[in-house]
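Protein chains in written order, with the numbering used here: chain S, 1 to 171; chain X, 1001 to 1170.
Here is the structure we will look at, set down as structure tokens.
Below is the structure:
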């Protein structure tokens, strides 16, 4: 699943800083905090595949909002565009904006076949709080993207590992 | 473990961590907003808040203060309170927000803060004001922090004794 991506399961994802949809500077490690996190890179608001995949994530957020997991989405869209796209989707998580394409190059995640928009290659990394990649999904082809069920399994696996009280305390 | 407590008082107490003068929208003095960083409750009407919203060096601005009326008990997990938390995440407008707690199970209010004179405009659609009426107050300098916006989509508290959106266990 992770073929073709510069980061695979077991790697520590590089920390980076970008403006969010409200134009506030945010650091990945601060956003992840102590929770399992779905880190999604997407082409931009204009891509039909992204629009469809976001509907999957928006549906999943209704579970994630009570499960102590975080979502972060990253694109080359400007903050105002990301804010509008986020609002239209009904997404309640943080969008990061690499409008000047500094991070896309640093991470080696530029989609080289799109020389017009120079976007991120679509990819999803499920991260542990220490930024270690639990699983990587290459979404260049739509079927490479994780299903909601796969994300649930990934988030469950990380949660079980990091929560000392996963086995509910009993008398 | 230190906790953050907020209360409105007539005058500034000596043991406060941060204090700001309060005025109502007509410009009449409305007391002071006091913050304490300490384990025990400092005064009877103090409520717990996310400590990140307090900055003793913070500028002047505005507060939308929602308090549950006396005698009313609302569960923190009440659907209206849940939806207000979702709305805060979906439409971020303010510089800082915290639910206010007296205990581990009830919603006792919320404070939403916006820096600067124009901040009042951004507080007009405070989601918590749909649960109970909000009181709009002008805040002097000395209390409004600038915490990072909640990451989302979590609406749950990290431990029932902690105010939302504080986002770490322990």
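All C-beta atoms, glycine included, are put in the ideal place defined by N, C-alpha and C.
Computed from a predicted structure; not experimentally measured.
Subject >> Proximity winner among 1058(X), 1069(X), 1062(X), relative to residue 1144(X) (alpha-carbon distances) >> reply: Closest option to residue 1144(X), judged by alpha-carbon separation, among 1058(X), 1069(X), 1062(X): 1058(X).
Subject >> Rounded distance between the beta-carbons of residue 1004(X) and residue 1068(X), thought under 8 Å >> reply: Not confirmed; about 19 Å, so no contact.
Original post:
Excluding five sequence neighbours on each side, which residues of the same chain lie with their C-beta closer than 6 Å to the C-beta of residue 53(S)?
Top reply: Shown here for residue 53(S): same chain residues with a beta carbon closer than 6 Å to its own, the five before and five after excluded, namely 145 in chain order.
Subject >> Buried or exposed by the 16-neighbour rule on C-beta atoms within 10 Å, applied to residue 142(S) >> reply: Residue 142(S) should be labelled exposed.
**OP:** May I ask which residues mark the beginning and end of the alpha helix (DSSP H) holding residue 59(S)?
**Re:** 48-64 is the span of the alpha helix (DSSP H), which, as asked, contains residue 59(S).
Original post:
Which runs of the alpha helix (DSSP H), 4 residues or longer, sit entirely within the region 1094-1159 of chain X?
Top reply: Taken in chain order, the whole alpha helix (DSSP H) runs of length 4 or more contained in the region 1094-1159 of chain X are 1119-1122.
Original post:
Closer than 8 Å, Cβ to any Cβ of chain S: which residues of the region 1074-1102 of chain X, in chain order?
Top reply: Near chain S, meaning a CB-to-CB distance below 8 Å, the residues of the region 1074-1102 of chain X are 1086, 1089, 1090, 1091, 1092.
**OP:** Identify whether residue 111(S) lies in helix, strand or coil by the three-state DSSP scheme.
**Re:** Residue state, collapsed to three classes: coil.
Original post:
From residue 138(S) to residue 1130(X), what distance separates their C-alpha atoms?
Top reply: The alpha-carbon atoms of residue 138(S) and residue 1130(X) are separated by roughly 42 Å.
**OP:** To the nearest angstrom, report how far apart residue 1081(X) and residue 1110(X) are at their CA atoms.
**Re:** In a straight line, the C-alpha of residue 1081(X) is about 10 Å away from that of residue 1110(X).
Subject >> Below-8 Å beta-carbon distance, residue 33(S) vs any chain X residue >> reply: Yes, residue 33(S) counts as interfacial toward chain X.
Original post:
Going by the CB atoms, is the gap between residue 164(S) and residue 32(S) shorter than 8 Å?
Top reply: Against a cut-off of 8 Å, the Cβ pair of residue 164(S) and residue 32(S) comes out as no contact.
**OP:** Quick one: using the 10 Å Cβ neighbour count with 16 as the cut-off for buried, is residue 135(S) buried or exposed?
**Re:** The residue is buried, with at least 16 neighbouring Cβ atoms inside 10 Å.
Original post:
Looking only at C-alpha atoms, which of 39(S), 24(S), 78(S) sits nearest to residue 126(S)?
Top reply: If you compare the alpha carbons of 39(S), 24(S), 78(S) with that of residue 126(S), the shortest gap goes to 39(S).
Original post:
Hey, is residue 1131(X)'s beta-carbon within less than 8 Å of any beta-carbon in chain S?
Top reply: With 8 Å as the cut-off, residue 1131(X) does not count as an interface residue toward chain S.
Original post:
Can you check whether the CB of residue 1155(X) is closer than 8 Å to the CB of residue 1085(X)?
Top reply: Remark: C-beta atoms of residue 1085(X) and residue 1155(X) approach each other more closely than 8 Å.
**OP:** Could you run through the region 1137-1155 of chain X and flag, in chain order, every residue whose CB is less than 8 Å away from some CB of chain S?
**Re:** Going along the region 1137-1155 of chain X in chain order, one finds 1148, 1149, 1151, 1152, 1153, 1154, 1155 with a Cβ nearer than 8 Å to chain S.
Original post:
Given residue 1122(X), which residues of its chain have a CB within under 7 Å of its CB, disregarding the five upstream and five downstream residues?
Top reply: The residues 1093, 1094, 1114, in chain order, have a CB closer than 7 Å to that of residue 1122(X) in the same chain once the five nearest residues on each side in sequence are set aside.
Subject >> Min CB distance residue 170(S) to chain X below 8 Å >> reply: Cβ-Cβ to chain X under 8 Å: no for residue 170(S).
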